[in-house]
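Participant:
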Amino acid sequence: MFNITDEAKVYVADLFAQQDEKDLGLKVDIEKAGTPAATVTFNFCFPKDLSKTYQTFEFDGFNAYIDECNFDYLKDSEVALKEEGSGKKLTITAPNAKGEVPKDDAPLAERIKYVIAA
Numbered sequence: 025m026f027n028i029t030d031e032a033k034v035y036v037a038d039l040f041a042q043q044d045e046k047d048l049g050l051k052v053d054i055e056k057a058g059t060p061a062a063t064v065t066f067n068f069c070f071p072k073d074l075s076k077t078y079q080t081f082e083f084d085g086f087n088a089y090i091d092e093c094n095f096d097y098l099k100d101s102e103v104a105l106k107e108e109g110s111g112k113k114l115t116i117t118a119p120n121a122k123g124e125v126p127k128d129d130a131p132l133a134e135r136i137k138y139v140i141a142a
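For the sequence shown, the residue numbers in the numbering used here are 25 to 142.
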């Protein structure tokens, strides 16, 4: 469902080691999931602050938390570490985050809703 490259895992684990906070985790969310404006976000979080719909994914050095409602949108996604200038940054490829464009024969209301969300 959700893949993190080995290089990205090491990078994220190092970020957590620098925070010196017990139980700190990585919350992976999608703003405006299923719309053309969908954006995947990464934030530090404490598990106690998350709703029960978040599932835990354990990695060496950190845990990631993803809301069950976002599972389909994160299917086949990959987090990688990219070099940018003199630094590095996490990137995500999430081919399902924006959902599917309504077909030409979809109800008019569905097509309008999709366009407005853009």
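We put the CB at the ideal spot given by N, CA and C, even for glycine.
Since we're looking at a predicted model, the values are computed, not measured.
(1) Look up residue 96 in the DSSP assignment and say whether it is helix, strand or coil.
(2) Can you have a look at residue 32 and say buried or exposed, based on whether 16 or more other CB atoms are within 10 angstroms of its CB?
(3) Alpha carbon to alpha carbon, how far is residue 129 from residue 67? Give it in angstroms, no decimals.
(4) Verify whether the separation of the beta carbon atoms of residue 118 and residue 97 is less than 8 angstroms.
(5) DSSP state of residue 41, grouped into three classes?
(6) Under the rule that 16 or more other beta-carbon atoms within 10 Å means buried, what is residue 140, buried or exposed?
(7) At which residues does the alpha helix (DSSP H) containing residue 139 begin and terminate?
(8) What are the boundary residues of the beta strand (DSSP E) that includes residue 113?
(9) Is residue 31 helix, strand or coil by DSSP?
(10) Please report the residue range of the beta strand (DSSP E) in which residue 51 lies.
(11) Using 8 angstroms for Cβ pairs, my map puts residue 54 next to residue 62. What's the rounded Cβ distance?
Facilitator: Judging by the given coordinates:
(1) As a first step, residue 96 must be located in the sequence shown, where it is residue number 72. Helix.
(2) Working through the sequence shown from its first residue, we reach residue 32 at position 8. Buried.
(3) Here residue 67 refers to the residue found at position 43 when the sequence shown is read from its first residue. Here residue 129 refers to the residue found at position 105 when the sequence shown is read from its first residue. Each residue's Cα considered, the two are about 39 angstroms apart.
(4) Here the question's residue 118 lines up with position 94 in the sequence shown. Here the question's residue 97 lines up with position 73 in the sequence shown. Contact flag set, yes.
(5) As a first step, residue 41 is located in the sequence shown; it is residue number 17 there, counting from the start. Three-state DSSP puts residue 41 in a helix.
(6) As a first step, residue 140 is located in the sequence shown; it is residue number 116 there, counting from the start. By the neighbour-count rule (16 or more Cβ atoms within 10 Å), residue 140 is not buried but exposed.
(7) Within the sequence shown, the letter at position 115 stands for residue 139. For residue 139, the enclosing alpha helix (DSSP H) has its first and last residue at 132-141.
(8) What you label residue 113 is simply residue 89 of the sequence shown in a count that begins at 1. First-last of the beta strand (DSSP E) with residue 113: 111-117.
(9) As a first step, residue 31 is located in the sequence shown; it is residue number 7 there, counting from the start. Residue 31 falls in the helix class under three-state DSSP.
(10) By one-based count along the sequence shown, residue 51 stands at place 27. Residue 51 -> beta strand (DSSP E) spans 49-55.
(11) In the sequence shown, counting from the first residue as 1, residue 54 sits at position 30. In the sequence shown, counting from the first residue as 1, residue 62 sits at position 38. Right, the Cβ-Cβ distance comes to about 6 angstroms (below 8 angstroms), so this counts as a contact.
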